[in-house]
Amino acid sequence: MASATLNLRVQPFRLLTRAEAAHYCRRTLKKFEAQCPVRPVEMADGDRLWDVQDLDRWIEGLKGGDASDHDAILARLG
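Take the sequence shown: its letter number 16 is residue 15 in numbering that gives the first Met the number 0, and every next letter is one higher.
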């Protein structure tokens with residue numbers, strides 16, 4: 000009987016720390032900070048967390064996605 004190994008990576012959280020967000024985007028922390036325009040969500044206790052959905056939209060925009068993605072990111076940047 001044949002067998003196969005399946006490796007799955009499941010992201011259990013929607014909000015990520017800076018290090019987790021950099022890892023999610025496959026960037027070093029230094030490159031993530033320099034390249035990523037996505038603003039973190041400011042929590043009441045002062046924590047700054049990055050939303051996976053915002054990161055996904057940014058990455059889609061890098062691939063030549065819809066121009067409205069760029070506009071949404073720029074609007075969030077102020």
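Every residue gets a Cβ at the ideal spot worked out from N, C-alpha and C, and that includes glycine.
Contact belief for residue i with residue j at Cβ below 8 Å, rounded distance in angstroms
| i | j | result |
| --- | --- | --- |
| residue 57 | residue 37 | 5 Å |
| residue 60 | residue 72 | 7 Å |
Reference residue i; option with closest CA among the options
| i | options | result |
| --- | --- | --- |
| residue 46 | 35, 17 and 62 | 17 |
| residue 9 | 23, 30 and 34 | 23 |
| residue 54 | 29, 74 and 14 | 14 |
| residue 75 | 5, 20, 49 and 30 | 49 |
N- and C-terminal bounds of the alpha helix (DSSP H) containing residue i
| i | result |
| --- | --- |
| residue 162 | It is not possible to answer for residue 162, since the shown part of the chain is limited to 0 through 77. |
| residue 12 | Neither: residue 12 is in no alpha helix (DSSP H) and is coded neither H nor E. |
Neighbour-count burial assignment, residue i, 16 or more Cβ in a 10 Å radius
| i | result |
| --- | --- |
| residue 12 | exposed |
| residue 43 | exposed |
| residue 33 | exposed |
| residue 21 | buried |
Backbone secondary structure at residue i - three-state DSSP
| i | result |
| --- | --- |
| residue 75 | helix |
Residue i: CB within 7 Å of a non-hydrogen atom of the ligand GTP
| i | result |
| --- | --- |
| residue 12 | Annotation note on the ligand GTP: not contained in the displayed structure, which lists no ligands. |
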